[in-house]
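Reviewing the structure listed below.
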Amino acid sequence: MASQFSVDLDHLDQIVTRLAGLAGFIGDHLTDIEQRVASLQGSGWEGVAAQAYDDAHREWISGAKELVDGVREMSDAAKQAHTGYTRALELNRRMLQSGQ
45 MASQFSVDLD HLDQIVTRLA GLAGFIGDHL TDIEQRVASL QGSGWEGVAA QAYDDAHREW
105 ISGAKELVDG VREMSDAAKQ AHTGYTRALE LNRRMLQSGQ
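Quick note: this note's numbering has the sequence shown finishing at residue 144, numbered continuously throughout.
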């Protein structure tokens with residue numbers, strides 16, 4: 045029993061591009077959010093609510109940065125897969141052509 049396996053390299057390339065774009069988009073917006081939060085914290089806002097917000101924001105920003113790192117890792121893995129599949133395709137093509 046043979047199983048078929050195929051990869052759409054164009055689609056994989058689109059995935060790489062979209063993941064890289066998503067990571068960049070989120071990363072850029074995290075920088076903007078950090079700047080706005082810093083100005084809010086420097087405005088004299090104090091007390092329990094300010095501290096609770098600061099704690100929650102730090103936890104959220106840490107999670108968001110982990111998300112960005114994870115998306116970048118997925119993009120890198122997809123790019124490596126694309127390279128590997130392209131090499132395998134070329135090698136198979138050469139082997140088939142040399143057998144003619």
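For each residue, glycine too, the CB sits at the ideal point set by N, CA and C.
At least 3 beta-carbon pairs within less than 8 Å: the stretch 119-130 vs the stretch 54-68: yes
Within 9 Å, strictly: CB atoms of Leu-63 and Val-115: yes
Closest residue to Asp-54 among Thr-127, Asp-98, Ala-82 and Gln-141 (Cα-Cα distance): Thr-127
Alpha-carbon spacing of Leu-140 relative to Leu-133, whole angstroms: 11 Å
Ile-70 and Ile-105 closer than 9 Å at C-beta: no
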